[in-house]
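*Asks:*
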Amino acid sequence: MPWQTARARRGPFDGDKALDYLAVKHLHMSCAAVSIALFALRGSLQLAGIDWRRWKLLRIAPHLVDTILLAAAIWLALLLQQYPFSANWITAKVLALVAYVLLGRQALRPGLPRSRAAAFFAAALLAVAYIVAVAITHSASLGYA
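Counting from 338, one number per residue, gives the positions in the sequence shown under our numbering.
Shown next, in the form of structure tokens:
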């Protein structure tokens with residue numbers, strides 16, 4: 338971000354470690370954006386009554402992207418030495434991720450009445466919005482407490 342100092346953009350590192358951090362951080366953010374977009378697409382198709390499962394790409398790509406996303410998250414945690422249950426904001430992200438996965442799983446369940454699927458879909462999108470907000474603010478309370 339333009340208002341951040343160079344140190345804030347590269348994390349707590351200098352030299353090659355700063356490049357590693359930036360590369361992994363950008364990989365993580367890119368995968369998160371693709372993962373959220375794929376979920377939004379699948380959920381929208383589901384609510385429109387279109388069977389998205391007939392497209393192999395929509396069945397396989399989310400698993401690949403989410404695997405890379407999780408690996409990048411673990412790598413970042415190791416680089417930054419910030420772990421769940423020791424860094425509150427990371428704990429909040431992990432717990433919200435569990436909620437997002439469970440809600441998203443219900444939203445994409447075949448045969449679910451459209452109104453229930455829509456409620457689960459909206460709740461999953463709120464959970465992922467919270468995850469993104471926590472990632473940006475590095476605060477489980479989003480900077481309000």
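Beta carbons: idealized from backbone N, C-alpha and C, even for Gly.
Taking contact to mean 3 or more Cβ pairs, one atom from each stretch, closer than 8 Å, check whether the stretch 447 to 463 and the stretch 408 to 419 are in contact.
*Replies:* Verdict: no, contact absent.
*Asks:* Considering residue 400, what are the terminal residues of the alpha helix (DSSP H) in which it resides?
*Replies:* To locate residue 400, count along the sequence shown from 1; it is residue 63. Segment 393 to 417, the alpha helix (DSSP H) holding residue 400.
*Asks:* Roughly how many angstroms separate the alpha carbons of residue 441 and residue 433, rounded to a whole number?
*Replies:* The count along the sequence shown starts at 1 and reaches residue 441 at position 104. The count along the sequence shown starts at 1 and reaches residue 433 at position 96. One C-alpha to the other measures close to 12 Å.
*Asks:* Below 7 Å CB to CB, which residues in the same chain sit around residue 412 once its five sequence neighbours on both sides are set aside?
*Replies:* Along the sequence shown, one-based indexing puts residue 412 at 75. Answer for residue 412: 361, listed in chain order.
*Asks:* Helix, strand or coil for residue 387, going by three-state DSSP, please let me know.
*Replies:* Indexing the sequence shown from 1 puts residue 387 at position 50. Of the three classes helix, strand and coil, the one that applies to residue 387 here is coil, per DSSP.
*Asks:* What residue range does the alpha helix (DSSP H) around residue 467 cover?
*Replies:* Here residue 467 refers to the residue found at position 130 of the sequence shown. Residues 451 to 474.
*Asks:* Starting from the C-beta of residue 368, find all residues in its chain whose C-beta is less than 8 Å away, skip the five residues before and the five after it, and write them out in chain order.
*Replies:* Locating residue 368 in the sequence shown gives position 31, counting from the first residue. Same-chain partners within the cutoff: 402, 403, 405, 406, 409.
*Asks:* From residue 389 to residue 364, what does the alpha carbon distance come to, in whole angstroms?
*Replies:* Here residue 389 refers to the residue found at position 52 when the sequence shown is read from its first residue. Here residue 364 refers to the residue found at position 27 when the sequence shown is read from its first residue. Roughly 26 Å separates the two Cα atoms.
*Asks:* Going by the C-beta, is residue 441 closer than 7 Å to any heavy atom of the ligand ATP?
*Replies:* The ligand ATP is not part of the structure shown, which contains no ligands of any sort.
*Asks:* So is residue 432 in contact with chain C if we call contact Cβ pairs under 8 Å?
*Replies:* Absence of chain C from the displayed structure is noted, only one protein chain being present.
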